[in-house]
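Peer 1:
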């Protein structure tokens, strides 16, 4: 990869996997950024991974730069490099799996919550031609918007090493909205109305930008919820919306 290290990830295959076929590829990107994905058998809270696999997709959960468990140096690789570096790790995985002949590069999607939503927002703008569909859950779209609204201002200063008043360039470089004119990927946006960690204006900004670009997008706001969706009825709704979105844009199937 661009910094000379390997990126690990968990690759989930369909039960009837056939090595002679090329499969759609769906990324499910963890939050943090210091989260970690491991090969354990547990359902995801927001994304119907098992149903995607049963439908005939490869699902990759990448431990992009900055993930925990690989040492302090690895965790610091996205300092002043958020979005730019970790999104590149995802794009590099597409190229790697395509070179191995495992995937159909014309049917790639990305989804994630929190930091995973931010990376998906970055991919749906800066790397839009590579993705047929995206889902952005509680994701940052603009670091300036985030910085002035969030309940954890030190997080931004810790990773970008500055405030937007002192270094507006790094805030622009790492913000998905900077690249909104490139956005062509149909994007589902899901966000809790009372999110104090990644406040709702981030979702409004991304949605309006996509609408102004005439790019298909859908914004779903969950009243009464914060940074996570925590009740069964709404969690089911989140998951069903994600399934419908990717069935439509990856498989061409409308869900009624």
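Residue numbers (the working numbering): 1 to 256.
The beta-carbon is built from N, C-alpha and C at its ideal position, and this holds for glycine as well.
1) Specify the secondary structure class of residue 110 as computed by DSSP and reduced to three states.
2) Kindly identify the DSSP beta-bridge partner or partners of residue 164.
3) When burial is assigned at 16 or more other CB atoms within 10 Å of the CB, is residue 17 buried or exposed?
4) By DSSP's criteria, residue 219 is part of a beta bridge. Which residues make up the other side?
5) Can you list, in chain order, the residues of its chain with a C-beta nearer than 7 Å to that of residue 151? Leave out the 5 residues immediately preceding and following it.
6) Are residue 133 and residue 246 closer than 8 Å when you measure CB to CB?
7) Could you please give the first and the last residue of the uninterrupted alpha helix (DSSP H) stretch that includes residue 120?
8) Name the DSSP bridge partner or partners of residue 62?
9) For the beta strand (DSSP E) holding residue 27, just list the boundary residues, first then last.
10) When burial is assigned at 16 or more other CB atoms within 10 Å of the CB, is residue 158 buried or exposed?
11) In the DSSP assignment, what are the bridge partners of residue 133?
12) Within the same chain, show all residues whose beta-carbon is closer than 7 Å to that of residue 240, passing over the 5 residues directly before and after it, in chain order.
13) Evaluate residue 110 with the Cβ neighbour count: other Cβ atoms within 10 Å of its Cβ, from every protein chain shown; 16 or more gives buried, anything less gives exposed.
14) Which word fits residue 20, buried or exposed, when buried means at least 16 other C-beta atoms lie within 10 angstroms of its C-beta?
15) Would you check if the distance between the CB atom of residue 173 and the CB atom of residue 91 is smaller than 8 Å?
16) Please report the distance separating the alpha-carbon of residue 107 from that of residue 139.
17) Is the beta carbon of residue 29 sitting closer than 8 Å to the one on residue 58?
18) Measuring alpha carbon to alpha carbon, tell me which residue in 171, 32, 167 and 238 is nearest residue 145.
19) What does the Cβ neighbour count give for residue 27, buried or exposed, with the cut at 16 atoms within 10 Å?
20) Drop a sphere of 10 angstroms on the beta-carbon of residue 227, count the other beta-carbons inside from all chains shown, and report buried for 16 or more, exposed for fewer.
21) Give the range of the alpha helix (DSSP H) segment to which residue 51 is assigned.
22) With distances taken between CB atoms, is the gap from residue 137 to residue 193 smaller than 8 Å?
23) From residue 126 to residue 249, what distance separates their C-alpha atoms?
24) Helix or strand or just coil, what does DSSP make of residue 104?
25) Along the chain, where does the alpha helix (DSSP H) that runs through residue 177 open and close?
26) Which one of 24, 219 and 78 has the shortest CA to CA distance from residue 104?
27) Please list, in chain order, all residues of the same chain as residue 54 whose beta carbon is under 8 Å from its beta carbon, the five residues on each side excluded.
Peer 2: Well, looking at it:
1) Start at 1 with the first residue of the chain shown, and residue 110 comes out as number 110. DSSP places residue 110 in strand when its eight states are reduced to three.
2) As a position in the chain shown, residue 164 is number 164, starting the count at 1. BP columns for residue 164 are empty, so no partner.
3) Within the chain shown, numbered from 1, the residue matching residue 17 stands at position 17. Answer is exposed; the Cβ neighbour count stays below 16.
4) Position 219 of the chain shown, counted from the start, is the residue given in the question as residue 219. The partner list for residue 219 (beta bridge, DSSP) reads 189.
5) Position 151 of the chain shown holds residue 151. Closer than 7 Å at Cβ, skipping near neighbours: 196 and 197.
6) As a position in the chain shown, residue 133 is number 133, starting the count at 1. As a position in the chain shown, residue 246 is number 246, starting the count at 1. If you check the CB distance, residue 133 and residue 246 come in under 8 Å.
7) Taking the chain shown and counting its residues from 1, the one referred to as residue 120 is at position 120. Residues 115-126.
8) Counting from one through the chain shown, the residue named residue 62 turns up at place 62. 9.
9) On the chain shown, residue 27 is found 27 positions in, with the first residue counted as 1. Unbroken beta strand (DSSP E) run through residue 27: 23-29.
10) As a working mapping, residue 158 is identified with position 158 in the chain shown. Residue 158 comes out exposed.
11) Translated into positions along the chain shown, residue 133 becomes position 133. Residue 133 is bridged to 109.
12) Taking the first residue of the chain shown as position 1, residue 240 is located at position 240. Counting only Cβ-Cβ distances below 7 Å, and skipping sequence neighbours, we find nothing.
13) Counted from its first residue, the chain shown places residue 110 at position 110. Classification of residue 110: buried, given that the 10 Å Cβ count is 16 or more.
14) Reading the chain shown from its first residue, position 20 is the one you call residue 20. Exposed is the call here.
15) By 1-based counting over the chain shown, the position of residue 173 is 173. By 1-based counting over the chain shown, the position of residue 91 is 91. It is not a contact, given that the beta carbons lie outside the stated cut-off.
16) In the chain shown, the residue the question calls residue 107 occupies position 107. In the chain shown, the residue the question calls residue 139 occupies position 139. If you take the alpha carbons of residue 107 and residue 139, they lie about 23 Å apart.
17) Counting from 1 along the chain shown, the entry for residue 29 is found at position 29. Counting from 1 along the chain shown, the entry for residue 58 is found at position 58. No. Outside cutoff.
18) Here residue 145 corresponds to residue number 145 of the chain shown, with the count starting at 1. Checking every option, the nearest Cα to that of residue 145 belongs to 171.
19) Counting from 1 along the chain shown, the entry for residue 27 is found at position 27. By the neighbour-count criterion, in which a residue is buried when 16 or more other Cβ atoms sit within 10 angstroms of its Cβ, residue 27 is buried.
20) The residue given as residue 227 occupies position 227 in the chain shown. Counting C-beta atoms within 10 angstroms of its own C-beta, residue 227 has 16 or more neighbours from the protein chains shown and is therefore classed as buried.
21) Along the chain shown, one-based indexing puts residue 51 at 51. Segment 49-55, the alpha helix (DSSP H) holding residue 51.
22) As a working mapping, residue 137 is identified with position 137 in the chain shown. As a working mapping, residue 193 is identified with position 193 in the chain shown. Result no, Cβ atoms of residue 137 and residue 193 do not sit closer than 8 Å.
23) Taking the first residue of the chain shown as 1, we reach residue 126 at position 126. Taking the first residue of the chain shown as 1, we reach residue 249 at position 249. Distance between residue 126 and residue 249, taken at the CA atoms: about 19 Å.
24) Taking the chain shown and counting its residues from 1, the one referred to as residue 104 is at position 104. If DSSP states are grouped into helix, strand and coil, residue 104 belongs with the strands.
25) Numbered from its first residue, the chain shown carries residue 177 at position 177. Segment: none, residue 177 is in no alpha helix (DSSP H) and carries neither H nor E.
26) The residue given as residue 104 occupies position 104 in the chain shown. Among 24, 219 and 78, the Cα nearest to that of residue 104 belongs to 24.
27) Walking along the chain shown from the start, residue 54 turns up at place 54. So the list reads 14 and 15, once near-sequence residues are dropped.
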